[in-house]
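In UniProt numbering, the protein residues as written are 1 to 301. Here a beta-carbon is modelled for each residue, glycine too, at the ideal position from N, C-alpha and C.
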Amino acid sequence: MASLFSRRAVPYVTGAAAVSIVGSAYSQTRRPIMLDSTANPPTKTLAFPASMLFSKQLTVTKSEQVNHDTKRITFALPGGDNEISGVPAGSAILTQHNPSNGWLPILRPYTPISDPSTRGTLELLVKRYPSGRASTHMHSLSPGDHLTVRGPLPGYNWRVPKSSTSILLVAGGAGITPIYSLAKGILSNANEKTQVQLLWGVNGERDIVLRDELERLEQQHPGRLQVTYCISGPDAKEQGEKWTKGYVDKSVLQQAIERCGSTWGDDQGKKVFLCGPPAMENAVGKTLTELGLGKKEVHKF
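In structure tokens:
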């Protein structure tokens, strides 16, 4: 799925130099997470060089409809099994296509949901918006089609904490992709002991498109990941402690902070990572301020 920041962060530009400028400007305003690269060094060639000047052609191998407006699209990397994407957890690649009714390319960042070390393939979760030219194009892709990509976009460097700690991740709708990527990256790192509280606000149960993946992570890392789904639609129902009817409001945030406990904050300080629609980000950001968190403690993708 395109990270929610993508719809307002990337203008329509052309040329390799312009793409580089976009990547630089983007990284200064909405910085994705980069896990400590020394923890899990790559064993294969990286598909994406550390430059926005170079592009790659990915080939669609599978396009699966996962709900009414979202597809999971699998791409083959150019180097096959000799390559891994190497896209850092929480970071994004920049997709590019030329619309039939214009000459300026359309650029949008998408956060992969596949592991950076997966050989030969890369997966994107793409939500289609009614007026979204990039997402509409992505949904039109079929096996055998090609997509131009650049990246990965540079990002904030996440260091493995020196002691046990907790972090709070908050997602709204399609903003789950960088949040999920970060959570998976932290939990899969053998050097990490960080505990993760994850809140995900959605309209309805059908929008929980990564539910199986999150439940699998909870099973694989018992006691280190706790997910709470906040369902705001008219058909929302309370379904135990993991399901909350309503928005990601002050009460929900307060409870999540309390669950973080005394381990919240270490040498990196208290951390909240947030990604969602602008209105949701603004509301949650204000609430976190009311709960005593400063701007430096809240990272918005």
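| Asked | Found |
| --- | --- |
| CB-CB length for Leu288 against Val298, believed under 8 Å | 6 Å |
| Environment of Gln57 [buried if 16+ CB atoms lie within 10 Å] | exposed |
| Start and end residues, beta strand (DSSP E) containing His299 | Val298 to Lys300 |
| Ordered list of beta strand (DSSP E) runs contained in the region 189 to 234, each at least 3 residues | 195 to 202 and 225 to 231 |
| His221 versus Ser91: straight-line alpha-carbon distance, rounded | 22 Å |
| Spatial distance of Leu293 from Val284 (CA atoms) | 11 Å |
| CA-to-CA distance, Arg159 to Gln255, given in whole angstroms | 26 Å |
| Of the listed residues Pro143, Ser142 and Val126, nearest to Ser135 (C-alpha basis) | Val126 |
| Cα-Cα separation, Ile113 to Lys242 | 22 Å |
| Buried or exposed by the 16-neighbour rule on C-beta atoms within 10 Å, applied to Lys296 | exposed |
| Boundaries of the beta strand (DSSP E) in which Thr289 is found, first to last residue | First-last for Thr289: Pro278 to Glu290, but that is the alpha helix (DSSP H), not the beta strand (DSSP E). |
| Buried or exposed (CB count within 10 angstroms, at least 16 for buried), residue 309 | The chain is shown from 1 up to 301; residue 309 falls before or after that span and cannot be answered. |
| As assigned by DSSP and simplified to three states, the class of Pro41 | With a pLDDT of 47 at Pro41, under the threshold of 50, the modelled position of that residue is not reliable, and the figure given next carries that caveat. Note: Pro41 maps to coil in three-state DSSP. |
| DSSP-derived helix/strand/coil call for Val126 | strand |
| Through-space distance from Lys286 to Met138, alpha-carbon basis | 34 Å |
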